[in-house]
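Numbering (my numbering), first residue to last: 798 to 935.
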């Protein structure tokens with residue numbers, strides 16, 4: 798399951814890092830991480846069953862969390878994340894960090910607020926994506 802490596806590469810090379818100076822982290826960011834930042838996690842793997850071997854196409858659910866102390870900044874960065882990830886691979890596929898992706902499609906976004914974090918609270922947006930990886934089976 799290397800889809801996280803592809804997500805990291807796409808985000809790391811985007812305006813999310815350059816324009817907004819948001820750092821990118823898998824699963825969790827350290828408590829001392831400066832705002833804003835982005836955390837991504839692969840939450841589900843749905844392999845395509847075949848009669849004669851391993852799945853050669855897996856569909857993943859990937860959640861991206863955008864954290865900031867300002868709601869407007871959270872929205873700007875979330876829009877940038879959606880813009881760079883939604884439909885990122887070029888037909889029929891694109892290789893990112895050695896991972897062959899067929900498609901990425903945006904599914905949902907939710908606003909969240911953590912009142913107990915960071916003194917004044919932390920704004921968070923969760924973006925959900927469906928990612929299709931073409932697996933190299935032997």
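For every residue, glycine included, the Cβ atom is placed at its ideal position computed from N, Cα and C.
Bear in mind that the values here come from a model prediction, so they are computed numbers and not experimental data.
Alpha-carbon spacing of residue i relative to residue j, whole angstroms
i           : j           : result
residue 853 : residue 923 : 29 Å
residue 890 : residue 872 : 29 Å
residue 834 : residue 846 : 37 Å
residue 816 : residue 874 : 9 Å
residue 901 : residue 850 : 25 Å
residue 812 : residue 848 : 43 Å
residue 836 : residue 825 : 6 Å
residue 864 : residue 888 : 32 Å
residue 909 : residue 844 : 30 Å
residue 767 : residue 828 : Only positions 798 to 935 of the chain appear in the structure, and residue 767 is not among them; the question remains open.
residue 903 : residue 880 : 9 Å
residue 916 : residue 866 : 10 Å
Which of helix, strand or coil DSSP assigns to residue i
i           : result
residue 893 : strand
residue 853 : coil
residue 824 : coil
residue 810 : coil
residue 884 : coil
Distance CB(residue i)-CB(residue j) smaller than 8 Å
i           : j           : result
residue 882 : residue 930 : no
residue 932 : residue 862 : no
residue 919 : residue 925 : no
Other residues of its chain near residue i: CB distance less than 7 Å, five sequence neighbours each side excluded
i           : result
residue 839 : 798, 800, 801, 857 and 859
residue 868 : 920
Inter-residue CB distance, residue i and residue j (contact presumed, cutoff 8 Å)
i           : j           : result
residue 803 : residue 896 : 4 Å
residue 810 : residue 894 : Actually they are not in contact, since the Cβ atoms of residue 810 and residue 894 sit about 10 Å apart, beyond 8 Å.
Residues near residue i in its chain [Cβ-Cβ closer than 6 Å; skip 5 each side]
i           : result
residue 928 : 800, 857, 859 and 901
Neighbourhood of residue i by C-beta, 8 Å cutoff - its chain only, sequence neighbours within 5 removed
i           : result
residue 814 : 808, 820 and 821
residue 877 : 811, 812, 813, 816 and 817
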